[in-house]
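These protein sequence lines are chains A and B, in that order.
Residue numbering for the first sequence is 6 to 231, as defined by my numbering.
Residue numbering for the second sequence is 1458 to 1906, as defined by my numbering.
Down below is the structure, laid out as structure tokens.
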Amino acid sequence: MHILLIEDDERISGYVAKALREEGHLVDVAADGRSGLTQATSEAYDVIVLDRMLPQVDGLKVLHALRGMDDTTPVLILSALGDADERVRGLRAGGDDYLAKPFSIEELVARVEVLGRRRGQPELPARHMFDDLLVDPVARVVSRAGKRIELTNREFRILEYLARNAGRVVTRSMLLEHVWDYNFDPQTNIIDQHVSRLRQKLERVGGEPLIETVRGAGYSIRRGSA
Amino acid sequence: MTLLRSLSFRLALLYLAVFAGSVALLGGLFYWIEVARPLAEIRGDIRSESAALSEFYRGEDPAALTAALEARAVAEAPRVAYHALLNSRGEPLTANLPSWPGNFAPGWKRIEADVAREGDEDEYEALVLDQQLPGGLRLLLGRDIDDIDELEESLSDTVLWIVPALLLLGVCGGALMSRVIAARLDAISSAARGVIDGDLSSRIELRGASDDFDRLAATLNLMLDRLEASLDAVRRVSDSVAHELRTPLARLQAELADLSASPAPEGAARALAEATRLQTVIDAVLRIARIEAGRHAMTARPVDLSALLADVIEFYQPEADVRGQQLVVSVAPGLSFAGDGDLLFQGFANLLDNAVKFTPDGGTIVIGAAEEGGAIQVEVRNDALVSAPEQLDRVTERFFRAPGAAGVVGLGLGLSLVAAIAVAHRSDLSFRSDEKSFLAIWRFHTRDG
């Protein structure tokens, strides 16, 4: 993917750019709002990572200008203001995702990749196949080798989110944001218990483990054929 | 009665009482000077006249007295002189009084003395001394007091009509004054309530009359301006603290992540974990501070607490299952409360998180919610090694860790956050414990009062 990183802190931009390049992405870096905006409009990017507080032109203003030009490139906002209402403000301004500083690099990479994918294939397949597992979001049916698996509503939503992002890492906080309807901060990794329960149900009927744990990052389901 | 509790109304009543007292005092003085004293003087005059006239009647012949009385009746005097001299059979020997009481009764009398003069009948009031003379004669001797009588009458009219009217007007005026003042005070207290509710931009509206209330309102508004300005300054500082803490922490994590990449030096992973923990602490402390300062943009909407509790319980069910804990739930359906759903979810999640963490494996956690007497009460009771009662007050302190909490993951900030959320929702959070269980009670007031 071609990624534009607009971040004034050299240490952080160097570290983020390095991690994204290691994943095989092409990364351009801009150090302030004005040059970032120029860069964003002169080239086509798959994802823009935008710092909230920038010298010259503020991050939200950059976003505003970009959206004003009908530029729909997915934008991930990075901010040292981590509050819930800051987050809402960022998303309202046209951001696609929001990550508070400090963040783990795995979290950032996972989110950037999910944002890039969203742009690459906007249409969701009606059904997902992973080896012998069938996930049908329309009929809300999950079956493995023809055997139907009963999931709770929440388990289904976890599986669906993993399936939609098959082949990419989904972090715990991404699951929390997309599967639960509340914006909150669990004190402990309760999410792990939900995933582990889902995993047990999927494996009980037999077959290979499908949901992988990515150490230090989150979970992933192997890409299948639609 | 709210009117009687109003200071302005009571002041109006007090003023009325003082005013009425002054009027009574002045009226009394006026009565004494203009009525009582002149009457006493007239009585004295009549007595001395009577003594002088008695001199004319030493023997048995009343002729001299009669002549003296008739001369007195026509003599020039400031007050018209009246008399009636009756013999022992009650027949008048001489009289210019038109009538008199038939029976003798010694002492002072008021007698109507109507005098027909040139066709007109003038009514006069006379003060008359009734007395018995030797030889069976009866002498009624008096003077005209009509001017004094009229004054007396108008005074009593005043008392009869003016005083009740005065009282009525005073009470009405007091009530009116109290309403006007109450309206002005209400404007001030509603602005103050706005500030209490976290809207520091709330101000008292000025009437533009530059009266006492406007001056008070202007002073209070000035005070609020200063307060808002200094709070804004604190906010800016806390925002920059947030920024200045988080950015270097992000850098630190970047450095440590670089270090912990292969080949990892000893301790790099531990340092990274420590940095992550530091981040969690800073986030949690800043978040609590924001909610406590009323800075969290609270969106109060009707929240289905029953459904929300079911979601929280569902969230913790797998963890409880792993620990072999039993969740016993009795939540009444349809409990609704106006609040911030995300914050309430966070609050209940923290309570349940604590319960799951501190309940021994295989223990029981009871979650109940019901509405009763204008409040929704949510309870979370769990089996646990319980803190001593004196520690119950401290469980919501930041970084407080119960002595039994060693080995349990946590920062000691979970219940502080719940307490901040409870205050933001004007609800009451309390904790109880007995020998083997810990109970959290969270009461939401659905009715005022």
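Just so it is clear, CB atoms sit at the ideal spot from N, CA and C, and this is done for glycine as well.
Note that the coordinates shown come from a computational prediction; the quantities given were computed from them, not determined experimentally.
Classify residue i as buried or exposed, calling it buried when 16 or more other Cβ atoms lie within 10 Å of its own Cβ.
i                : result
L1416 of chain B : Summary: the structure shown does not reach residue 1416 of chain B, with chain B confined to residues 1458 through 1906, and so no result is reported for it.
A1690 of chain B : exposed
R169 of chain A  : buried
P127 of chain A  : Bear in mind that the predicted position of P127 of chain A carries a pLDDT of just 48, short of 50, making it unreliable; the figure below should be weighed with that in mind. Under this definition P127 of chain A is an exposed residue.
L1483 of chain B : exposed
I226 of chain A  : buried
A1474 of chain B : exposed
L1792 of chain B : buried
With residue i and residue j assumed to form a contact (beta carbons below 8 Å), what rounded beta-carbon distance in angstroms separates them?
i                : j                : result
G268 of chain A  : A115 of chain A  : This structure cannot speak to residue 268 of chain A, because chain A is shown only from 6 to 231.
D56 of chain A   : L83 of chain A   : 5 Å
G41 of chain A   : I11 of chain A   : 3 Å
T2 of chain A    : D1761 of chain B : The shown model of chain A, from 6 to 231, leaves out residue 2 of chain A, and the question about it has no answer.
K66 of chain A   : A85 of chain A   : Rounded, the Cβ-Cβ distance is 17 Å, inconsistent with contact.
R1855 of chain B : S1873 of chain B : 5 Å
R149 of chain A  : D141 of chain A  : Rounded, the Cβ-Cβ distance is 12 Å, inconsistent with contact.
V147 of chain A  : L156 of chain A  : 6 Å
A1841 of chain B : S1894 of chain B : 6 Å
Do residue i and residue j have their C-beta atoms closer together than 8 Å?
i                : j                : result
A1674 of chain B : I1638 of chain B : no
T1737 of chain B : E1828 of chain B : no
G99 of chain A   : V80 of chain A   : yes
R228 of chain A  : G172 of chain A  : yes
D1606 of chain B : E1582 of chain B : yes
L59 of chain A   : D37 of chain A   : yes
L1688 of chain B : L1657 of chain B : yes
I1824 of chain B : V1788 of chain B : yes
R1504 of chain B : W1565 of chain B : no
V1785 of chain B : T1821 of chain B : yes
L1543 of chain B : A1525 of chain B : no
V21 of chain A   : L113 of chain A  : yes
V1537 of chain B : R1595 of chain B : no
T1816 of chain B : Q1774 of chain B : no
Y166 of chain A  : V175 of chain A  : yes
G1798 of chain B : H1882 of chain B : no
A1632 of chain B : F1466 of chain B : yes
V1769 of chain B : F1794 of chain B : no
H1540 of chain B : A1528 of chain B : no
V1875 of chain B : G1804 of chain B : yes
S1635 of chain B : L1460 of chain B : yes
The alpha helix (DSSP H) with residue i in it runs from where to where?
i                : result
Y1539 of chain B : No alpha helix (DSSP H) holds Y1539 of chain B; the beta strand (DSSP E) holding it covers A1538 to L1543.
F1476 of chain B : L1464 to Y1488
E1829 of chain B : Element bounds for E1829 of chain B: not the alpha helix (DSSP H) but the beta strand (DSSP E), T1821 to E1829.
F1888 of chain B : That residue, F1888 of chain B, is in no alpha helix (DSSP H); its beta strand (DSSP E) goes D1885 to S1890.
V62 of chain A   : First-last for V62 of chain A: undefined, no H or E at that position.
G38 of chain A   : G38 to S47
Y20 of chain A   : E15 to E27
H183 of chain A  : R177 to V184
G1630 of chain B : V1620 to I1653
P1495 of chain B : R1494 to S1511
I1907 of chain B : No information on residue 1907 of chain B is available, as it lies outside the stretch 1458 to 1906 that chain B covers here.
D56 of chain A   : Counting along the chain, D56 of chain A falls outside any alpha helix (DSSP H), though it belongs to the beta strand (DSSP E) covering V52 to D56.
Y166 of chain A  : N158 to R169
M1680 of chain B : D1669 to S1717
Apart from the five residues on each side of it in sequence, which residues of its chain come closer than 7 Å, Cβ to Cβ, to residue i?
i               : result
I163 of chain A : L180, V184, H199, V200 and L203
Y50 of chain A  : H7, I8, L9 and T78
L25 of chain A  : I8, V32, V114 and V117
Residues in the same chain with beta-carbon distance under 6 Å from residue i, minus the five sequence neighbours each way, listed in chain order, please.
i                : result
G221 of chain A  : E111
V1835 of chain B : A1826 and W1899
I216 of chain A  : R204, Y224 and I226
G1869 of chain B : F1856, F1857 and R1858
Using C-beta distances below 8 Å, list every residue in its chain close to residue i, excluding the 5 sequence neighbours before and after it, in chain order.
i                : result
A231 of chain A  : Unreliable positioning characterises A231 of chain A in this predicted model, as indicated by a pLDDT of 43, which lies under 50. The coordinate reading is nonetheless provided below. Taken in chain order, the residues that qualify are P130, R132, H133 and M134.
V1492 of chain B : I1605, L1608, E1609 and L1612
S1556 of chain B : I1568 and E1569
R94 of chain A   : L65
A1521 of chain B : F1513 and Y1514
Q61 of chain A   : D37, G38 and R39
Which first and last residues belong to the beta strand (DSSP E) in which residue i is found?
i                : result
F1895 of chain B : S1894 to H1902
G1796 of chain B : S1793 to G1796
A105 of chain A  : D102 to A105
I82 of chain A   : V80 to S84
P1549 of chain B : P1549 to A1552
L1657 of chain B : Premise fails: L1657 of chain B is in no beta strand (DSSP E) and is neither H nor E.
Pull out every residue of the segment 176-203 of chain A whose Cβ sits closer than 8 Å to any Cβ of chain D, in chain order. No chain D appears in this structure, whose protein chains are A and B.
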